[in-house]
Structure formats: C-alpha cells, structure tokens
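Numbering (this note's numbering), first residue to last: 1244 to 1892. The C-beta atom is built at its ideal place from N, Cα and C for all residues, glycine as well. Fair warning: this is a prediction, and the values are worked out from it, not measured in the lab. First up is the structure itself, then whatever we jot down about it.
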Amino acid sequence: MLASALMLFVELALIRWTSSNNLYLVHLTNFVLLASFLGIGLGFLRANATRDLFPLAPVLLAALVGFVLAFPVRTGTGRGGSWQLIGLFGMPPLPRPLSLAVVFLLTVGVLMALAQEAARAFASFAPLDAYRLDIFGSLTGIVTFAALSFLRLPPLGWAVSAAAAFAVLLGRRVRGWPAAAIAALVLMLGAESLLGTYQWSPYYKIHTQELAGGLVRIEVNNTPLQTALPVAEIRRRSQFYFYPYTYAASRRDVLVIGAGTGNDVAVALEQGAQRVDAVEIDPVLIQIGRDRHPDRPYSDPRVITHVDDGRAFMERTDRRYDLILLALPDSATIVTGQSALRLENYLFTTQALERARSLLKPDGTFAMYNYYEPWLLDRYANTVRTVYGSAPCVQLGPSYGPRQQAVLTLRRDGSTGGCTTTWSPHGTALEPSVDDRPFPYLGTRSIPSFYLWMLGLVLLASVVLVRTVVGPLRTMAPYVDLFFMGAAFLLLETKNVVQFALLFGTTWAVNAAVFAGVLLSVLAAIEVAQRVTIRRPLLLYAGLLAALAAAWLIPQDALLGLSLVPRFLAAVTIAFLPIFLANLIFAVRFKGVGATTVAFGANLLGAMVGGSVEYLALVLGYNALLVVVAVLYGLALLTGRRHLVAARA
C-alpha cells in the first residue's frame, strides 16, 4: 500500500510541479502522465529481475528536480523588449526537444524504480488481493496530495512526505547515494519553497514582485499574469478596463469572472456598482488582492468574493446582472495532467455564453476582454454573434506583438447601445467552440503537428524501452486483451474528468473527487469479483456496451439543466456505471492470470497508449471517445475470448 501510495503521489506531484517550472510542458497536457504510465508498466514487467532498482528512485528523482531547476523555461523580456522564452539568469532555454527528452526519460526512470518495489510486493499476493491493496494505496496517494493542496503547502511539504515514505520503504537500503539523494531532494525543493516570494496555490506557483509605489506584480507558473494597480493608474495605462461601461445601460449589479487580484473589481466599484460578485478560481490570488491591492476592493462591503470556477458559478447562481464581464480569464495551467483542457476552456463555448445571457437583466450587457490574436478575436466575436444573433461592438486598444487589446460588448437584446464599430471578420470566421469540443485556442479540427511528432516519438521510445528493459514483447502476448482494457479505461477516465469539470467546475477539489470516485468504483468491482462467481462474463461486456451507449446518447446539456443534487446523482450514475462494469470485466479476467506483474504491466502500457489516443478529442470531441472506448473493449473481447470460456467453465 505504501509503495503504491508513493508511486501515485510522486506521479501527481511531478505532473503539477514540472509544468510550473517548464513552460514547454504547460500545454503538452498529458506528457508527464504518459511517461509515468510507461515507467510504471516497465517497473511491473521487471518485478522478477535480479537488479533492485528501488534505491535508484530517489537518485533519479533528485536528478529530475535538479535538471528542471537548473534549466527552467519561463517567459521573460528579450533584447528588443519583447516577450520570449528564457532560461536561468535570462539565458536562452534549452531547445524544446532536448528539454522534453530529458524530462521524459528521467520521469520514466523514477516511476520504473518506484513501480518495481510495488510490483515485488504485488507478486506475493493473490491477484485480486494485490489489486485491492494497490487501489487502497492509490487512494492514499490521492488523498495525501489533495490534503497538501488544500493546505497550500509548497513543494517542501511534498518532498518531506515523499522522503518519509522513501525512508520507510528503503529500510536498511537507505544509505549512501539514496540517503544523499533524499537529502538533496528536500534541500532543493526547500530552497525553492522558502527563498524568494513564492506562494503555491492548488493551481499555480505564484511569484510576487514589489514595484515602486507599493505596487505588486504577479507571475504564475513562470508567466506574467497581472499587476495590481489603483484605478487612477489603470485609467492612465489600461483604458480598456473601462470600455465595457461605455455602452452599458446600467452597472448596479456586476458579475466579474476572472477577478484575479481585483483590478476589474476596483474599476466596477469606481463606475458605480452597488454589488459586485467577484469570481476567481484561485484562492491565493484573491488573498493577494485582499492584502496588497492599492484600492483594497475586496474589503469593500459591496463586493462578494467567490472562490469557484466561473462556468460552475454561472450554472449555480440564480441572480440577474446589469453587467457580466469575462475579465481576462486565461489561465496558465490545465485542468489535470490527463486532459487537454485549460481551466477556462468551458467559459468560451456557445453554451457558456448562452448561460451568461440568461443571467442578464432585460437591459443587461455582456462583455469580454483580453489580449487577442486576430484569429482568436474572430472566433470569440463569432461565438458572441452566434448566441446573440448580431455582431458585437468591438473596441480595440494597443497591440503587444501579435496580440491586441480588444473588448467585445453586446446587450441582452442584441443591440450595441450606440456603438458604431461592430465586429466584422478578418477572413472566414472560425466556428465557435462547444461543450463537447471546448478548444477555443485550436484554430481547426486537427491535432497540431507538434503533438503528432511528440506522440509518435513517445510511442517509438516506449517500444524501444520495453524491448530493451524487459526483453521480447512476446512475454506480454497472453495479455493483449488486458492491454486493450488499459487503453480503453484511460480514455473512459479522461471522459469522466472532463465531464465533471463541465458539470461541477474545473477546481482541484472536483478533480480529486473524480479520481477518488474512479478508484472507489474499481474497489467495488474488486469486491464483487472476489465474492461473486460470474459464470457468463460475456454479459458484462453487453452491460458495458449498453452503459457506454447511454452515456453517449444523453446530452450533457440535459444534465446542466438539473438542480445540483439531481445533476450529481445523474452524473455519478452515467459516469461511474461504465467504470464499474469495465473494472468488473478486468477483475474477473485478472483473477485467473498466472503472472500478475506481467499482466498488470501490459495493462498499464495500454493505458499509456490510451493517453495518446485521447488527443482524438481535439478533432472528434469528447463524446466520440466513448465510441473509441467501445471499439477497444471490443478488441479486448476478441483477443481474450478464450479466457471468457475458461471463466465460464
């Protein structure tokens, strides 16, 4: 249990921490996840090897942490004053292929060494007993990491937790290089946590910098976010904050989504708002604004703060507003390491804007603003036009490289309130994003070529590493069906992560609850398989297909229309019934395997392939992943049908 808990804890920590220091990883979504699954699969396949790899785990982990700290990738100012990627001390960063290759290989090595320790204990139990203990350990790892996130502990807290687990598991082996590596790990992450003005929220590594006049500038995950400015300075430097009020009929009740440290809230108060609902997903940004914004907008009794996902808040509230602002709500992080969603993606779909329109008073005004490239401005403006039936007012500010300040405004009735400059596309307007395919930053229905190259190289490296580390691939031939089950289950899990993000928000608490729910469903399937003899496993496949069909046919919009409790019950049933049945199929099959570690390793390598297939959602949408899941389970049925006969006998 402890080995499995440490394995999952380190995986979650690496997904979170590496992307906060290396901007190459911010939008590569599940890159570290793929490396982790490959490493865990290799570790299980090496369970019976004579070489004990576990003492190398802290050494490799310290090497990975040292590499990322020594060669960070961040946004900085270049020679010409323009923003560009830089490394340590302003030097050029390592080339992206080299940086990603080192992170990938070290991550694989760390997880392989951790997994071998878990696998050796795994092999000493009956198959389902081992699987049960592995799930208990995984739950422990998730709960531990979620608790540290809740407490907002910096990486030093993560390092101390991992060091304690290493010390217990290594026992007498904790000497020499392993002991030195554990100490180095704590020292490096301790220095990052305690030196400089860093804070760690559940989403970001936040750096604050004091400026002249008591102002504070904020970076998140090595990317500039905003400077907390008084209204007088905003009026002088950033006029576009005031543009939404130019044509607003009223400004008494204002909703600000993406409130940050409070600039937009301070402007709303200065413009006469009597109530401001300030929604911000990150609690640390709210606290910085409360403590250090020059105008102290969050201390004003007219302001009610909501630490929440913006889309989830709109779905839950029944208030009506004179003005709704999407105020620069672009994040520098993704929902989890297992999906291509950024935190704000569900704010920019046609369904989200329709919900915002429904919350406006009869003469209310909707506005959104940011620094947009021309094609992205066209997409958002076309989305607004699709929802309101008329082109929005567009007000432009200064340009910053390829991006330009722009504000889109429209009243609930589709009028522009006297604005004479309405939007017209630069070319063919891009189709709006929708809840099933919420990728506003992707120009066309395609997988970017860099992703394809990355996935191809990852899969090629996987084949080479499996062949080199484990030996002939034919050792896994008896477990091809488990390989397909692993690929299908990862896609099914990803679909549920994004579905719950839509229904209940992209907050870290929702994500942790979903992962815990998945593991509890797995545990329930194990208990059923232990206690019930299932003589016709084929019926389980039929039930799974029916559950997948129901999930595919029931539109997500129908669930959004339900109140919170019925929505939760319906979502849990639709999401977790297929997961339960899929794991019951796996548990029945796994119960009779001979080489448990080889079988489990094949399943984990399948999950890595499933993580690659997840990118099909960029083209087909997330609902279509259910069809892919059904196909993969069909392949599992075809390749493992002889085991169904054996189980029935």
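**Request:** Identify, in the order they occur along the chain, each residue of the same chain with its Cβ nearer than 6 Å to the Cβ of I1445, setting aside the five sequence neighbours on each side.
**Result:** Start at 1 with the first residue of the sequence shown, and residue 1445 comes out as number 202. The sequence shown places Pro at residue 1445, not Ile. Cβ neighbours of P1445 beyond the five flanking positions: S1392, W1751.
**Asked** Which residues in the same chain have their Cβ closer than 8 Å to the Cβ of A1410, if we skip the five residues on either side of it in sequence?
**Response** In the sequence shown, counting from the first residue as 1, residue 1410 sits at position 167. Within the same chain, Cβ atoms closer than 8 Å to the Cβ of A1410 are found at V1417, I1425, the five residues on either side in sequence being excluded.
**Prompt:** Span of the alpha helix (DSSP H) holding A1792?
**Reply:** As a working mapping, residue 1792 is identified with position 549 in the sequence shown. Its alpha helix (DSSP H) spans residues 1780-1796.
**Request:** Measure the C-alpha to C-alpha separation of A1860 and V1474 and round it to an integer number of angstroms.
**Result:** As a working mapping, residue 1860 is identified with position 617 in the sequence shown. As a working mapping, residue 1474 is identified with position 231 in the sequence shown. Each residue's CA atom was taken as its position, placing A1860 and V1474 some 42 Å apart.
**Asked** For the putative contact between G1849 and M1697, defined by C-beta atoms under 8 Å, what is the C-beta separation to the nearest angstrom?
**Response** In the sequence shown, residue 1849 corresponds to position 606, counting from 1. In the sequence shown, residue 1697 corresponds to position 454, counting from 1. Between G1849 and M1697, the beta carbon gap of about 19 Å keeps them out of contact (Cβ cut-off 8 Å).
**Request:** Following the continuous alpha helix (DSSP H) through L1603, name the residue where it begins and the one where it ends.
**Result:** As a working note, residue 1603 is residue 360 in the sequence shown. For L1603, there is no enclosing alpha helix (DSSP H); the enclosing beta strand (DSSP E) covers residues 1603-1615.
**Item:** Per DSSP, cross-strand counterpart(s) of A1248
**Value:** Working through the sequence shown from its first residue, we reach residue 1248 at position 5. BP columns for A1248 are empty, so no partner.
**Asked** What is the rounded straight-line gap between the Cα of A1570 and the Cα of I1822?
**Response** Translated into positions along the sequence shown, residue 1570 becomes position 327. Translated into positions along the sequence shown, residue 1822 becomes position 579. So the two alpha carbons sit approximately 38 Å from each other.
**Prompt:** Rounded to a whole number of angstroms, what is the C-alpha to C-alpha distance between L1875 and R1533?
**Reply:** Position 632 of the sequence shown holds residue 1875. Position 290 of the sequence shown holds residue 1533. One alpha carbon belongs to L1875, the other to R1533, and they sit about 51 Å apart.
**Prompt:** Which of helix, strand or coil does DSSP assign to D1507?
**Reply:** By one-based count along the sequence shown, residue 1507 stands at place 264. Helix.
**Message:** Taking only three categories from DSSP, how would you classify G1632?
**Reply:** In the sequence shown, residue 1632 corresponds to position 389, counting from 1. Coil at G1632, not helix or strand.
**Prompt:** Alpha carbon to alpha carbon, how far is F1297 from W1420?
**Reply:** Counting from one through the sequence shown, the residue named residue 1297 turns up at place 54. Counting from one through the sequence shown, the residue named residue 1420 turns up at place 177. So the two alpha carbons sit approximately 12 Å from each other.
**Asked** Could you give the C-beta distance for G1854 and N1273, rounded to a whole number, given that I count them as a contact under 8 Å?
**Response** In the sequence shown, residue 1854 corresponds to position 611, counting from 1. In the sequence shown, residue 1273 corresponds to position 30, counting from 1. In this structure, G1854 and N1273 form a Cβ contact; the two beta carbons are roughly 5 Å apart against a cut-off of 8 Å.
**Request:** Using the DSSP secondary-structure output, state which residues sit across from L1824 in a beta bridge.
**Result:** In the sequence shown, the residue the question calls residue 1824 occupies position 581. Under DSSP, L1824 takes part in no beta bridge, so it has no partner.
**Message:** Suppose you measure from the CA of K1834 to the CA of I1531; what does that come to, to the nearest Å?
**Reply:** Walking along the sequence shown from the start, residue 1834 turns up at place 591. Walking along the sequence shown from the start, residue 1531 turns up at place 288. Rounded to whole angstroms, K1834 to I1531 spans 53 Å at the Cα level.
**Message:** Rounded to the nearest angstrom, what separates D1561 and D1606 at their Cα positions?
**Reply:** As a working mapping, residue 1561 is identified with position 318 in the sequence shown. As a working mapping, residue 1606 is identified with position 363 in the sequence shown. Looking at the backbone, the Cα of D1561 and that of D1606 are separated by about 17 Å.
**Request:** Give the DSSP-derived three-state secondary structure of Q1647 in the structure shown.
**Result:** Sequence index remark: in the sequence shown, residue 1647 carries index 404 (1-based). Correct three-state label for Q1647: strand.
**Asked** Helix, strand or coil: which one does DSSP assign to G1580?
**Response** Here residue 1580 refers to the residue found at position 337 when the sequence shown is read from its first residue. Confidence at G1580 is low in this model, with a pLDDT of 46, below 50, so its placement is unreliable and the value that follows should be read with caution. Coil.
**Message:** Looking at the strands, I want to know which residues DSSP matches up with L1568.
**Reply:** For the purposes of this step, residue 1568 is taken as residue 325 along the sequence shown, with counting starting at 1. BP columns for L1568 point to V1499, A1610.
**Message:** Considering only DSSP beta bridges, list what L1639 is partnered with.
**Reply:** Counted from its first residue, the sequence shown places residue 1639 at position 396. DSSP lists A1649 as partners of L1639.
**Item:** Backbone CA spacing between P1467 and H1270 [nearest angstrom]
**Value:** In the sequence shown, counting from the first residue as 1, residue 1467 sits at position 224. In the sequence shown, counting from the first residue as 1, residue 1270 sits at position 27. Using only the alpha carbons, I get a separation of about 16 Å.
**Request:** Could you check if P1641 is buried or exposed, using at least 16 other CB atoms within 10 Å of its CB as the buried criterion?
**Result:** Start at 1 with the first residue of the sequence shown, and residue 1641 comes out as number 398. Exposed: under 16 other Cβ atoms inside 10 Å.
**Prompt:** Any idea what DSSP makes of I1547, helix, strand or coil?
**Reply:** The sequence position of residue 1547 within the sequence shown is 304, counting from 1. Reduced to three states, the DSSP call for I1547 is strand.
**Prompt:** Can you name, in chain order, every residue of its own chain whose Cβ lies under 8 Å from the Cβ of R1480, other than the five neighbours on each side?
**Reply:** Stepping through the sequence shown from its first residue, residue 1480 is reached at position 237. Taken in chain order, the residues that qualify are L1472.
**Prompt:** Taking the alpha carbon of T1626 as the point to measure from, which residue in T1293, D1800, P1683 has its own alpha carbon closest?
**Reply:** Mapped onto the sequence shown, residue 1626 falls at position 383. Restricting attention to T1293, D1800, P1683, the CA atom closest to the CA of T1626 is found in P1683.
**Prompt:** Among the residues of its own chain, which have a CB less than 6 Å from the CB of L1498, if the five just before and after it don't count?
**Reply:** For the purposes of this step, residue 1498 is taken as residue 255 along the sequence shown, with counting starting at 1. The beta carbon of L1498 is closer than 6 Å to those of D1520, Y1564, I1567 in its chain, skipping five residues each way along the sequence.
**Request:** Evaluate G1333 with the Cβ neighbour count: other Cβ atoms within 10 Å of its Cβ, from every protein chain shown; 16 or more gives buried, anything less gives exposed.
**Result:** Along the sequence shown, read from residue 1 onward, the residue named residue 1333 stands at position 90. Under the 10 Å beta carbon count, G1333 is surrounded by fewer than 16 other beta carbons and is classified as exposed.
**Asked** Are the CB atoms of P1338 and G1330 nearer to each other than 8 Å?
**Response** On the sequence shown, residue 1338 is found 95 positions in, with the first residue counted as 1. On the sequence shown, residue 1330 is found 87 positions in, with the first residue counted as 1. In this structure, P1338 lies away from G1330, with their beta-carbon atoms at least 8 Å apart.
**Item:** Cβ separation of T1664 and V1637, assumed to be a contact under 8 Å, to the nearest whole Å
**Value:** As a working mapping, residue 1664 is identified with position 421 in the sequence shown. As a working mapping, residue 1637 is identified with position 394 in the sequence shown. A Cβ-Cβ distance of about 6 Å is found for the pair T1664 and V1637, placing them in contact under the 8 Å criterion.
**CA-to-CA distance, G1748 to Q1581, given in whole angstroms** = Taking the first residue of the sequence shown as 1, we reach residue 1581 at position 338. Taking the first residue of the sequence shown as 1, we reach residue 1748 at position 505. Below a pLDDT of 50, predicted positions are generally treated as unreliable, and Q1581, at 48, falls in that range; no measurement from the model is reported.
**Item:** P1617 versus T1652 - alpha carbon distance
**Value:** Start at 1 with the first residue of the sequence shown, and residue 1617 comes out as number 374. Start at 1 with the first residue of the sequence shown, and residue 1652 comes out as number 409. Roughly 17 Å between the two C-alpha positions.
**Request:** Could you name the residues of the same chain whose beta carbon sits closer than 6 Å to that of P1668, not counting the 5 residues immediately before and after it, in chain order?
**Result:** Mapped onto the sequence shown, residue 1668 falls at position 425. Apart from sequence neighbours up to five positions away, the residues of its chain that approach P1668 with a beta-carbon distance below 6 Å are D1621, ordered along the chain.
**Request:** Classify R1585 as helix, strand or coil using the three-state DSSP reduction.
**Result:** As a position in the sequence shown, residue 1585 is number 342, starting the count at 1. In the structure shown, R1585 falls within a strand segment according to DSSP collapsed to helix, strand and coil.
**Request:** Since I believe Y1858 is in contact with I1690 (beta carbons under 8 Å), could you give me their beta-carbon distance rounded to a whole number of angstroms?
**Result:** Within the sequence shown, residue 1690 is the residue found at index 447, counting from 1. Within the sequence shown, residue 1858 is the residue found at index 615, counting from 1. Indeed, because the Cβ distance is near 5 Å, the residues count as touching under 8 Å.
**Asked** Ends of the alpha helix (DSSP H) at D1534?
**Response** For the purposes of this step, residue 1534 is identified with residue 291 of the sequence shown, where counting begins at 1. Its alpha helix (DSSP H) spans residues 1526-1535.
**Message:** If you measure between the beta carbons of F1388 and A1256, is that distance less than 8 Å?
**Reply:** Taking the first residue of the sequence shown as 1, we reach residue 1388 at position 145. Taking the first residue of the sequence shown as 1, we reach residue 1256 at position 13. Yes; because the gap between Cβ atoms is below 8 Å, this pair is in contact.
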